[in-house]
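Residue numbering for the sequence shown is 570 to 849, as defined by our numbering.
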Amino acid sequence: MNSVTAHDYAWIRTSPLFRHMMESGYTLTLIRGRTPLEVLRAMEAEPRGTGEGTAGLIEADDAHRTELGHDYWDQSYVAGAFGTPGENGDWTLVLGFDGGLGLAAPSVETLSKGGRIVAHSTNGGKPIHLFHWFEDGELRTTFEGPSSRDGSTPDELVPLLREVGFPLTPEGEHDESAPDVDMKAAAFALAERLTGVRVTESLLQEATYELGLVPDQPAEEWTGLVIDITDAHGERLYKEWTYEEIAAASDRARAEANAPIVITYDKPPATDGSHHGTGE
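Here it is as structure tokens:
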């Protein structure tokens, strides 16, 4: 039985590679029963040859960003994939310094059919760390904080979460009395429990990656905006705007900003410039 815990992943805190992953934002995904090329095709990635180790992957991704002129809004990136043995067969590990975007929904549905996908990510220095477990096309468990889980079976992993070190009660609530744990190391350990793949620094650094340029994903369409806030006194603010209302307000603001500026002022009254005085 796999008894890995967060302590087995203490190496991440002294790893220059992991530091780069955290600063850049990364997604590490493990996919059972699919080859690296199958995975990259499902991600609609344009083949970019191979890269030797994470150095080759980082070099290819940096070159792509330089080509873009470091365009902040373009979220395309170079992903690297390689095969590795794990529980119940071969797995593909995909690593991307993508800002923590993760695999797009269509890719996940395709790749997890009849199999399993486990992924964890960080969005580049900001405090958002996500974990996802998919089984046969279904999102079984996902969380940012382990006590606030979602998915079709959000509580199924509670025993494993506790075993790897997450501070949870048997009911899955936050355990104030539990010892402190490195939450990211615990996420690595949980991924290993679900895949049988031990991720080490040398595994990532020494692999030969199949490289692919993952295209920028179109933004999801939205139809409105809702603000629903209740303050400490129980007062509730609820306001809803439709897309059309927001678009109209934006157009008005843009028109006002582009309108010519007219400066007016009151003209002072005319005065007689001559001075009349009396002499003696």
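Backbone N, C-alpha and C fix where the C-beta goes; we use that ideal spot for every residue, glycine too.
This one's a predicted model, so the numbers in the text were calculated from it and none came from an experiment.
- Collapsing the DSSP output to three states places Ile-581 in a helix.
- Checking the DSSP bridge columns, you'll see Ser-690 partnered with Thr-596 and Leu-699.
- Around Ser-645, the same chain offers His-633, Leu-637, Leu-782, Val-783, Pro-784 and Asp-785 as residues with beta carbons nearer than 8 angstroms, after the five sequence neighbours per side are excluded.
- Ala-747 and Leu-737 have their C-alpha atoms roughly 7 angstroms apart.
- Note: Gly-649 is bridge-paired with Leu-664 and Leu-780 in the DSSP secondary-structure output.
- When the Cα atoms are used, Asp-577 and Arg-767 turn out to be separated by approximately 10 angstroms.
- Within the region 731-787, complete alpha helix (DSSP H) segments of at least 4 residues are found at 752-764 and 770-775, given in chain order.
- Two segments are said to touch when three or more pairs of C-beta atoms, one from each, lie closer than 8 angstroms; by this definition the region 604-623 touches the region 762-780.
- Secondary structure note for Arg-610: its alpha helix (DSSP H) is the uninterrupted segment 605-611.
- C-alpha of Gly-734 to C-alpha of Ile-697: approximately 19 angstroms in a straight line.
- For the set Trp-660, Trp-580 and Gly-665, the Cα lying nearest the Cα of Leu-626 is the one of Gly-665.
- When beta bridges are read from the DSSP output, Phe-712 appears opposite Phe-700 and Arg-718.
- When only Cα atoms are considered, Ala-817 and Glu-707 end up about 39 angstroms apart.
- Between Leu-672 and Thr-598, the CB-CB gap stays under 8 angstroms.
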